[in-house]
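Numbering (my numbering), first residue to last: 692 to 830. One structure is given below, encoded as C-alpha cells.
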C-alpha cells in the first residue's frame, strides 16, 4: 500500500465555547495540517496511476488548498461548520465547538469530498495547533 502525505498550514482564530480557561477567549493559531492520501483499491490491489503515482503532489496540494482557503485568516466560530445553531455567530450556545479535534474531522470530510471521483482516499488528517499539540482524525 502507498500512502502519501501533504503538509500545509493556515492561520485562523477561534474561541472554545463553554471552556473554562484562556482558550475561551478569542485567540489564534498558525495551524499545521498533514493530509494522508492513498489510491482507492481496485481488485483488492493498491493502484498507481500511469506515471507510477498515487496522485501528483501538485494536484493534491491544489485540492487541499482549495478547502483550506475557506478557513485561512478567519474566525472559525463564524464559519457555518462551527457557527452556533441558536443566538447568532457571537453566541456561546450550540454549534460544533471549533476544537482541534472537530477541525480535523471537518477538514477530513471536506478534503475527501473535494477528491470525490479521483479514486483517492483521505486516510488521515492531522491538525496541529502548536508544534507540540495536535490531533489526527481518520474514519
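We treat Cβ as the ideally placed atom computed from N, Cα and C, and that holds for glycine.
Taking just the CA atoms, how far does residue j sit from residue i?
| i | j | result |
| --- | --- | --- |
| residue 719 | residue 801 | 22 Å |
| residue 711 | residue 791 | 16 Å |
| residue 826 | residue 795 | 7 Å |
| residue 722 | residue 743 | 31 Å |
| residue 709 | residue 732 | 42 Å |
| residue 727 | residue 696 | 4 Å |
| residue 765 | residue 706 | 12 Å |
| residue 693 | residue 809 | 16 Å |
| residue 830 | residue 739 | 22 Å |
| residue 752 | residue 698 | 9 Å |
| residue 771 | residue 793 | 13 Å |
| residue 818 | residue 724 | 5 Å |
| residue 734 | residue 799 | Note that residue 734 scores a pLDDT of 48, beneath 50, so its modelled location is shaky and nothing firm can be said. |
Please return the same chain residues whose Cβ sits closer than 7 Å to the Cβ of residue i, not counting the five positions on each side in sequence.
| i | result |
| --- | --- |
| residue 805 | 754, 757 and 758 |
| residue 760 | none |
| residue 715 | 706 and 707 |
| residue 717 | 704 and 706 |
Going by DSSP, which residues form a beta bridge with residue i?
| i | result |
| --- | --- |
| residue 790 | Per DSSP, none; premise fails for residue 790. |
| residue 727 | 696 and 815 |
| residue 701 | 722 |
| residue 766 | 704 |
What residues in its chain sit with their C-beta under 6 Å from that of residue i, if we drop five residues either side in the sequence?
| i | result |
| --- | --- |
| residue 789 | 705, 767, 768 and 773 |
| residue 797 | 772 |
Leaving out the 5 sequence neighbours to the left and right, which residues in its chain are closer than 8 Å to residue i when beta-carbon positions are compared?
| i | result |
| --- | --- |
| residue 729 | 692, 693, 694, 695, 737, 745, 811, 812 and 814 |
Assuming residue i contacts residue j under a Cβ cut-off of 8 Å, what Cβ separation, rounded to an integer in Å, is found between them?
| i | j | result |
| --- | --- | --- |
| residue 703 | residue 762 | 5 Å |
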